[in-house]
Amino acid sequence: MSETTPSAPPSLNGTQPTPVQVRAAAEALKSAIDRHLAAVEARSDELDPAVLEAFDALAAAAEEYDELLYTVHDEVTPFDVVPPESDAVYTGPEQVEAFSVYIRRDFLVSDPEALAAAAAGVAEDFTPLAGDNRAAIAELFDAFDADEISYRADELGLEAVEATTWVVATEPEVAGGWDDDPFSEVDVQRLLYRVDLVDEDELDEEAPDEEAEDEIGLLDEDADGIQDEGDGGAAPGRGTRIIR
Numbered sequence: 001m002s003e004t005t006p007s008a009p010p011s012l013n014g015t016q017p018t019p020v021q022v023r024a025a026a027e028a029l030k031s032a033i034d035r036h037l038a039a040v041e042a043r044s045d046e047l048d049p050a051v052l053e054a055f056d057a058l059a060a061a062a063e064e065y066d067e068l069l070y071t072v073h074d075e076v077t078p079f080d081v082v083p084p085e086s087d088a089v090y091t092g093p094e095q096v097e098a099f100s101v102y103i104r105r106d107f108l109v110s111d112p113e114a115l116a117a118a119a120a121g122v123a124e125d126f127t128p129l130a131g132d133n134r135a136a137i138a139e140l141f142d143a144f145d146a147d148e149i150s151y152r153a154d155e156l157g158l159e160a161v162e163a164t165t166w167v168v169a170t171e172p173e174v175a176g177g178w179d180d181d182p183f184s185e186v187d188v189q190r191l192l193y194r195v196d197l198v199d200e201d202e203l204d205e206e207a208p209d210e211e212a213e214d215e216i217g218l219l220d221e222d223a224d225g226i227q228d229e230g231d232g233g234a235a236p237g238r239g240t241r242i243i244r
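By UniProt numbering, the letter at position 170 of the sequence shown is numbered 170, and the numbering carries on one by one without gaps.
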């Protein structure tokens, strides 16, 4: 579905769009796909104007179909149409020495009972708490990585809403070292689960004692901070810090 919430497009006669218009938009989208593919197949270089023009037309056709489909049939498409940003001009280096990958996936808890059952299935000692599904979510991320959770969302009682991946050029001297603030807009007081891959030496400096490392770091209503677990058997030279 498109980036913005679709709304009914204006009509000259004041009526709502019809199924006929949806079908016409679908045919226009098919034609735009064909024109874009033809332009790609015939392009002379990566910045061929014909390809860029066909891309813009394809994006516009997809957006139109997406909105009409939602308005008339209350249905969405798998398209993620992002409007072009004229000011988003690349200003980074041509010879990239370091880069960062930002990945975001949003989920809805669609079935709390299925979520609790899934958590119990992967953790023998898991006991669901009425009205509190935080531990269940943490157990799933202990058992599966984000890709697996996204793939199995339905059976885990979740609904995968949207996802995006950004690869951003950065400077070697600023790569890493962001442990205290990896995502500046994240409210750490709402954190359910976090996994960090850090240098083993850093773990040794931060670990207070072995007992604290062995404790389960579930969020506590009375806790002011976030507890750390041990290295979880990571590869030599690297450590995994798990925070719940």
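Here a beta-carbon is modelled for each residue, glycine too, at the ideal position from N, C-alpha and C. Note that the structure is predicted; figures quoted are calculated from it, not measured.
| Item | Value |
| --- | --- |
| Residue 100 - containing beta strand (DSSP E), residue span | 98–109 |
| Buried/exposed call for residue 220, threshold 16 Cβ in 10 Å | Caution applies to residue 220, whose pLDDT of 42 falls short of 50 and renders its modelled position unreliable; the model cannot decide the point. |
| Whether residue 57 touches residue 50 by CB criterion (8 Å) | no |
| Length of the line joining the Cα atoms of residue 53 and residue 35 | 10 Å |
| Start-to-end residues for the alpha helix (DSSP H) that takes in residue 158 | Unbroken run through residue 158 is the beta strand (DSSP E), 158–170; no alpha helix (DSSP H). |
| Nearest candidate by alpha-carbon position, reference residue 65, set 27, 45, 46 | 27 |
| Where residue 142 sits in the DSSP three-state scheme | helix |
| Proximity to residue 106 [Cα-Cα], best of 32, 169, 150 | 150 |
| CB-CB length for residue 170 against residue 118, believed under 8 Å | Not quite, the Cβ-Cβ distance comes to about 37 Å (not below 8 Å), so this is no contact. |
| Endpoints, the alpha helix (DSSP H) within which residue 121 is located | 112–122 |
| Residue 108 vs residue 122 beta-carbon contact at 8 Å | no |
| C-alpha distance - residue 93 paired with residue 168, whole-angstrom precision | 11 Å |
| CA-to-CA distance, residue 68 to residue 21, given in whole angstroms | 8 Å |
| Neighbourhood of residue 111 by C-beta distance below 7 Å, restricted to the same chain and skipping five residues each side | 157 |
| Boundaries (first-last residue) of the alpha helix (DSSP H) holding residue 19 | 19–41 |
| 6 Å CB neighbourhood of residue 116 in its chain, flanking five on each side removed | 128, 136 |
| Within 8 Å, strictly: CB atoms of residue 17 and residue 71 | yes |
| With 16 other Cβ atoms within 10 Å as the buried cut-off, status of residue 173 | exposed |
| Under 8 Å between C-beta atoms of residue 249 and residue 59 | Outside the displayed span of the chain (1 to 244) sits residue 249, for which this structure offers no information. |
| Secondary structure of residue 76, DSSP reduced to three states | coil |
| Residue nearest to residue 145 in terms of C-alpha spacing, selected from 196, 89, 25 | 196 |
| Whole-angstrom distance between residue 176 and residue 190, CA atom to CA atom | 23 Å |
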